[in-house]
Structure formats: structure tokens, C-alpha cells
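Working notes, beginning with the structure itself.
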Amino acid sequence: MSNYRPKYEIGDIIRQHKQVVIEAGYLNAHKKKVFTNLANCKTAVLGYHQDKCDNPECSYEHYSYNGYRNRHFPKCNGLKKEKWLIDREADLFAH
Numbered sequence: 000m001s002n003y004r005p006k007y008e009i010g011d012i013i014r015q016h017k018q019v020v021i022e023a024g025y026l027n028a029h030k031k032k033v034f035t036n037l038a039n040c041k042t043a044v045l046g047y048h049q050d051k052c053d054n055p056e057c058s059y060e061h062y063s064y065n066g067y068r069n070r071h072f073p074k075c076n077g078l079k080k081e082k083w084l085i086d087r088e089a090d091l092f093a094h
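Note that the sequence shown covers residues 0 to 94 in numbering that gives the first Met the number 0.
Structure (C-alpha cells):
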């Protein structure tokens, strides 16, 4: 697993401009909720979880912010979505 983080992520951009966009009045209630959820995803607002190695001789620990697990959010369920697509493709070609 890589620790690579791009210079800019969509969540960073949304958080930086969130207030301006909301105050501009472009978003209806549903879009405002999604926009706010995108801003909060993978931040301290949602808390965090700890990953630990199962090996008793290993002291590896890593803390990660929680996400919304929304299928539309690439950082929350992007890998799960990709796996689902690969599995469906395999189903198509298996017959």
C-alpha cells in the first residue's frame, strides 16, 4: 500500500471553497448536504480508526480518518467499486 498523496485532492478543494459556494446559493438542500459530506469525508469530523498488525511481534499502528462509505465518493469506496466492476466483468465472460 502506497503512502502517495496527490498535491491536490477534491476534498481539499471543496473544503477550501465550501463557504463561498454555499453562500452563493447555487445548491439546493440535497446538493448542499452532499457537498458538505464531501467536505467532511476523511476528516476529524467523522472520527478515526486504528489499524494494527495482527502479528504480536509487530508494533505497526496506523490511524486513518473515517469516511462516509458513500459509493459516489472515490476515497471512501473507490476500491470497493472497482472490485465490484471487475467481479461483474468476470461474471460476463465466465459464461
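By construction, the Cβ of each residue, glycine as well, lies at the ideal position given by its N, Cα and C atoms.
Looking at the unbroken beta strand (DSSP E) that takes in residue i, where does it start and where does it end?
| i | result |
| --- | --- |
| residue 60 | 60 to 64 |
| residue 32 | Note, residue 32: premise wrong, no beta strand (DSSP E); alpha helix (DSSP H) at 28 to 39. |
| residue 47 | 47 to 51 |
Could you work out which residue in the options is closest to residue i when comparing CA atoms only?
| i | options | result |
| --- | --- | --- |
| residue 36 | 90, 84, 10 and 78 | 10 |
| residue 34 | 45, 21, 91 and 62 | 21 |
| residue 63 | 41, 91, 25 and 79 | 41 |
| residue 13 | 72, 49, 81 and 61 | 72 |
| residue 43 | 82, 5, 65 and 31 | 65 |
| residue 75 | 90, 60, 38 and 51 | 38 |
| residue 68 | 45, 4 and 93 | 45 |
Residue i to residue j, Cα distance in whole Å?
| i | j | result |
| --- | --- | --- |
| residue 28 | residue 16 | 18 Å |
| residue 86 | residue 80 | 10 Å |
| residue 19 | residue 31 | 12 Å |
| residue 58 | residue 50 | 11 Å |
| residue 77 | residue 24 | 30 Å |
| residue 48 | residue 7 | 24 Å |
| residue 52 | residue 61 | 9 Å |
| residue 83 | residue 26 | 31 Å |
| residue 56 | residue 5 | 33 Å |
| residue 89 | residue 54 | 34 Å |
Kindly indicate the opening and closing residues of the alpha helix (DSSP H) around residue i.
| i | result |
| --- | --- |
| residue 6 | Careful: residue 6 lies outside any alpha helix (DSSP H) and carries neither H nor E. |
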